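Comments concern the structure below.
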Amino acid sequence: MLNHKSEQFARIETTCGSLLCELQKIWDEVGEADGERDAMLLDLEQECLKVYMRKVDEAKECRTKLQRDIAIAKAEISDICASIGENPVHRDLKPGGNLKEELEAIGPLLEDMRRKNVERINQFIGVIDQIQKISNEILGFKEQDGNKLLVDDTNLSLRRLEELHRELHELQNEKINRLNQVQGHLNTINSLCTVLGMDFLQTVCRIHATLDDSNGAKDVSNNTIARLAAQIQSLQELKIKRMQKIQDLASALLELWHLMDTPAEEQRMFLNVTSKIAASEPEITEANMLSIDCIKNVEEEVSRLEQLKTSKMKEIVLKKKVELEDMCRRTHMVLEALISTDYSIEAMESGAIDPLYLLEQIDLQISKVREEAFSRKEILEKVEKWLVACEEESWLEEYNRDDNRYNAGRGAHLSLKRAEKARVVVNKIPAMVEVLTLKTTAWEKERGNEFLYDGRRLLSVLEDYSNLRQEKDLERQRQRDQKKLHGQLIAEQEALYGSKPSPSISGTKAPRMSTVGASDRKLSLGGAMLQQVKPEKPATRLHPNKKADYLNQNSFLNHQRSSGFAAHSVKRNSEVPGRVIKKQPLSAAKVRENESPAVRKPLSPVSFAVNSNANIVNFTEDQKKVKNGQRLNPGCQTPTGVPAKPTLIGDDENRTPKAMPIPMPTTPSTVSAPMLMAMTPATPATLGAYKVENVLERVQQVEYSFEELRAGFVLS
Amino acid sequence: MTAVHPPPAPGRELSNPPMDGISNLRFSNHSDHLLVSSWDKTVRLYDASANSLRGEFMHGGPVLDCCFHDDSSGFSASADNTVRRIVFSYGKEDILGRHDAPVRCIEYSYAAGQVITGSWDKTLKCWDPRGASGQERTLVGTYPQPERVYSLSLVGNRLVVATAGRHVNVYDLRNMSQPEQRRESSLKYQTRCVRCYPNGTGYALSSVEGRVAMEFFDLSEASQAKKYAFKCHRKSEAGRDIVYPVNAIAFHPVYGTFATGGCDGFVNVWDGNNKKRLYQYSKYPMSIAALSFSRDGRLLAVASSYTFEEGDKPHEPDAIFVRSVNEIEVKPKPKVYPNPPA
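Chains A and B are the protein sequences, given in the same order. 480 is the number that our numbering gives to position 480 of the first sequence; each next residue is one higher, with no gaps. 98 is the number that our numbering gives to position 98 of the second sequence; each next residue is one higher, with no gaps.
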């Protein structure tokens, strides 16, 4: 090569030499002057030089270009190497090679590196894409096309790739975990929903639309998981609430069953409920166990049983009551005297009285009455005998008054016999009364209580009776005397006129009247007791000294009246006092209730309340005014300044605006406070002024570059 | 960078420097000729390799910028509002046109065949130098700018205009009606200089507050993520930072690295991709007013000249140094990862 080149140079030189020789020869022939020749030669030389110079410049240019290309390629290679983390290529170009060779050698290397780089970038993009997708899923972002992947192309090392792979793996794991978590949550919700009888799909769809799809991808974002957890929480709370409710119901149910011996068949329907009475929350897994329907069912059953129980209770109470009344009647005691409690069914039904308590009370009364009855038994027996005797006596009187009593007729002999017996009995009455009085007084002494017989003191009855009897005796005596007198008179008249009126017609009239009156009286004594003649008015008179008020009298009356009737009628009758009693205290209570504020009303708080109300109204109005005022006068600075002015507010109301800062925490004022702040243009205005000033300043102090300053250039 | 360097020669100082502040200097794209504009109302043409003054062209006012057209002619921007064309061989200048205020900067686009000037009259003007003399023939267009134009830079069909008020407009020369992008400087302080990357992907912008921002044209997130700014030309003294304006940026034509010059008199060479400083030349006597690499990157012209940053004051004489550049000073050093995979 070198040889070849030097040959070329030599040839050029020889051609130049030969040409010069030729030129010399021509000039010699022509006879060119030496000066001309020199000038020509110089010219020639300079032209040659110029050509050379141009070529050298071109070569330099070319070299620079090559160098630049190589530098660029190398820079790119080293860039790529650095970014993909490979050691810079050591198959570096031999320093001996020339630039073109170097460039040629570096070309494929660069291509190779570029390919590697692109491959690596693709790998990165793939991984980052997946990472982004998963993290989007986890964070719950919607996938956005605009969300461009950022591959840091300065660091594409394998280590980084490894890191990304690890990150991806972690994310995938997390996604799987989250899927499991979501699935777990869904399962929990599903079981909760089944137990609670709710629609699982609907519940889940409300959280996220993808969740109901059993096969499809489920949303695994934080938000969804949090909402699932919250849903579970709320469902669990609901479950616990319902569980407690149903367990309460179940225990009520069990109690009622136990109380009423409910047949097993009826029980069977609710066995599933009662079996869970002690179950803890997780143990309840049966479908629809805690559904609203189920709870309603149980509730209905409980209320049905409850009603049943109440009616049964009522029955029992009534039975007992009848028993008590019966017993009282038998022992001729007045129930009301003993019992102060009110046993009305209505009270029971209305819940004013606990039926159980009522039952207890009645039982207590029964035992009391029974005990009392025992102690009264002896006396009562005697009273019975005495009464029977009295009856016989009255019968005998009647009989004696019958003038045809000796007429032979059917049963006359029986009457005769009875009369005979009666006379014996009647003769014994005074002794009986005596004994009875003695016994009764003894009893009364022993008991320290009056012996009442059908509500009347027995001693007074006996006394009355004795008085009556004495009266009757006196009457009889007088009758006898009169009869005697009459007989004498008739005898005298007979002696005068010879005729004799029948004594049975004329003589019976007056005495019978009187006896009737007497018997009437007597009836009102004994008969009234026996026959339960309606003793309405007299009854009231019976205990004039009793301190019963009108209500009690009323109830007494009714009870008195009702005690003779069948149990069913009691209800109807007892309605009256029941109602009265019930109404009265209720209304009384109401009155009291009404009164209590009424009593307070005249006192200060009421007026205070009214005033305060008025104040509140005024206050809010004031506030409005304040707001308006401030809106109108944005220049005013303090909120208290304006409201002092409005003429609408009275003088003493002027305090309210002063007190305004104190009620600030009330809602309207807190709302208005920031508004006021926002509305007062003071700060914005100063801000604006500041800005303007700044701008002005800037305008006044325009920035200039050093050159402008030096040139004295000023913006016009 | 703390290693003590033997004080390298600042380079060859050119004889016959301008008599006043040097506003700009540029190497030719075809030769080692150097065109220098100065506040002394002249434009000078040097042959850097021969260290000879080839021509001196007087103007009506201080010359704020100049550029080559080809090796035989150039353009100048003058504080007397004129844009001139200088033909070196004839020593002849003709006025291409006028602005309404001093013309701060000038560029010639080989792609468009147009001269682009930016002025403190808040406009950009494009000129066709082939047209006959006279403004109405040569003026291609006037494009209003938000503020006074401080610096221009071209790459391919892209034109970056930096103005007062920290505005940055990016134009496509093929459609000058609208800026392609309107930006605000990412630096907080006045823009001193803007220069496009030789690969055409972005630009570097320096401010009066010792800072350079590296920007990218591509508005995609990935590209914008790469932008950054760095501090330079500062001196820490007794716990206080003294910050100097960064007056000049020059990109190396081969390696894409760049040199910055500040009022601290230092020239630094940076590797923008790897974010490294490659080299710092020993301090020059005055502020660095302008920098230029020769077409093959083997020479660097440094204008050490007071830039009036502290007003009128006595200062060292203005000088132009031309230094030859070692490859090691400008070749990028790829980032080495702490432990590259085996």
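In this text, a Cβ means the ideal position worked out from N, Cα and C, and glycines have one as well. All values derive from a computational prediction rather than experimental measurement.
What does a CB cutoff of less than 7 Å around Tyr143/B pick up in its chain, not counting 5 residues either side in sequence?
Thr123, Leu124, Met176.
Between Leu45/B and Phe88/B, which are expected to be in contact by the criterion C-beta below 8 Å, what is the C-beta distance as a whole number of angstroms?
6 Å between Cβ atoms; contact.
Note down, one range per segment and in chain order, each alpha helix (DSSP H) of at least 4 residues found wholly within the segment 26–109 of chain B.
List check, alpha helix (DSSP H) in window: nothing returned.
Hey, does Cys196/B have any beta-carbon neighbour from chain A nearer than 9 Å?
For Cys196/B, the answer is no, since every Cβ of chain A falls outside 9 Å of its Cβ.
For the segment 74–86 of chain A, which residues have a CB atom closer than 8 Å to at least one CB atom of chain B, in sequence order?
Answer set for the segment 74–86 of chain A: Ala75, Ser78, Asp79, Cys81, Ala82, Gly85, Glu86.
What would DSSP say about Pro18/B, mapped onto helix, strand or coil?
Of the three classes helix, strand and coil, the one that applies to Pro18/B here is coil, per DSSP.
Let me know if Pro18/B comes out buried or exposed under the rule of 16 or more other beta-carbons within 10 Å of its beta-carbon.
So Pro18/B ends up on the buried side.
Among all the DSSP beta bridges, which residues are the ones paired with Glu344/B?
Within the shown structure, residues of chain B are numbered from 1 to 342, placing residue 344/B beyond reach of any answer.
Return no unless some Cβ of chain B is closer than 9 Å to the Cβ of Thr285/A.
So, not an interface residue.
Could you tell me how far apart the beta carbons of Gly11/B and Val302/B are, in whole angstroms, since I believe they sit closer than 8 Å?
Contact flag correct, Cβ pair sits at about 7 Å.
Starting from Lys445/A, follow the alpha helix (DSSP H) in both directions and report where the run begins and ends.
Segment 412–447, the alpha helix (DSSP H) holding Lys445/A.
Using only CA atoms, which one of Gln67/A, Leu364/A, Glu111/A lies nearest to Glu101/A?
Comparing Cα-Cα distances from Glu101/A to each of Gln67/A, Leu364/A, Glu111/A, the minimum goes to Gln67/A.
Specify the secondary structure class of Phe230/B as computed by DSSP and reduced to three states.
Three-state DSSP puts Phe230/B in a strand.
Roughly how many angstroms lie between the CA atoms of Ala442/A and Arg376/A, to the nearest whole one?
Rounded to the nearest angstrom, the two C-alpha atoms are 12 Å apart.
Determine the chain A residues that contact Gln280/B at a beta-carbon separation under 7 Å, and present them in chain order.
Neighbours of Gln280/B on chain A: none; closest Cβ ~22 Å, over 7 Å.
Just to make sure I have the definition right: I need the residues of chain A whose C-beta is within less than 8 Å of the C-beta of Glu309/B. Which are they?
The contacting residues are Phe706.
Any beta carbon from chain A within less than 9 Å of Asp296/B's own beta carbon?
Chain A contact via Cβ: present.
Whole angstroms are fine: how far does the CA of Cys16/A sit from the CA of Gln8/A?
Taking the straight line joining both Cα atoms gives about 12 Å.
Does at least one heavy atom of the ligand HEM sit under 8 Å from the Cβ of Leu96/B?
This structure lacks the ligand HEM; in fact it carries no ligand of any kind.
Against chain A, which members of the segment 84–115 of chain B pass a CB distance test of less than 8 Å?
So the close ones are Ala101, Pro102, Arg104.
Quick check: Ile429/A and Arg469/A, are their CB atoms within less than 9 Å of each other?
Result yes, Cβ atoms of Ile429/A and Arg469/A sit closer than 9 Å.
Name the DSSP bridge partner or partners of Ser460/A?
Answer is none; Ser460/A lacks a bridge partner.
Pick out whichever of Ile22/B, Asn16/B, Leu14/B, Ser15/B has its Cα sitting closest to the Cα of Met286/B.
Taking only the C-alpha atoms, the option nearest Met286/B is Ile22/B.
Counting Cβ pairs closer than 8 Å, one from the segment 290–307 of chain B and one from the segment 227–234 of chain B, do we hit at least three?
The segment 290–307 of chain B, when compared against the segment 227–234 of chain B, does not touch it at the 8 Å Cβ threshold.
Measure how close the beta-carbons of Val246/B and Thr257/B come, nearest whole angstrom, since I'm counting them as under 8 Å.
The pair is not a contact, with the Cβ atoms about 16 Å apart (cut-off 8 Å).
Flag Gln145/B as yes if its beta-carbon sits less than 9 Å from any beta-carbon of chain A, otherwise no.
Closer than 9 Å: no.
How should Leu300/B be labelled, buried or exposed, when 16 other C-beta atoms within 10 angstroms of its C-beta is the threshold for buried?
Leu300/B is buried by the Cβ-count criterion.
Using a 10 Å radius around the Cβ and a threshold of 16 neighbouring Cβ atoms, would you call Ile284/A buried or exposed?
Buried.
Sort out for me which residues DSSP pairs Gln233/A with in a bridge.
Answer by DSSP bridge pairing: none, since Gln233/A is not bridged.
Which chain B residues sit within Cβ distance under 9 Å of Leu99/A?
Those do not exist, as Leu99/A stays about 12 Å from chain B at its closest Cβ, beyond 9 Å.
Where DSSP assigns a beta bridge to Gly261/B, which residues make up the other side?
Gly261/B is bridged to Ala248/B, Val267/B.
Please determine, among Gln361/A, Asp57/A, Ile26/A, the residue with the shortest C-alpha to C-alpha distance to Ser31/B.
Here the closest residue by C-alpha is Asp57/A.
In whole angstroms, what is the alpha-carbon distance linking Val388/A and Leu462/A?
Their Cα atoms are separated by approximately 14 Å.
Run through the DSSP bridge pairs and tell me what Ile320/B is partnered with.
Note: Ile320/B sits in a beta bridge opposite Ala303/B.
Here's the rule: buried if 16 or more other CB atoms are within 10 angstroms of the residue's CB, otherwise exposed. What is Asp473/A?
Asp473/A is exposed by the Cβ-count criterion.
Which residues in chain A sit within 9 Å of Pro343/B, going by Cβ to Cβ distance?
Shown here, chain B extends from 1 to 342; a query on residue 343/B therefore has no answer.
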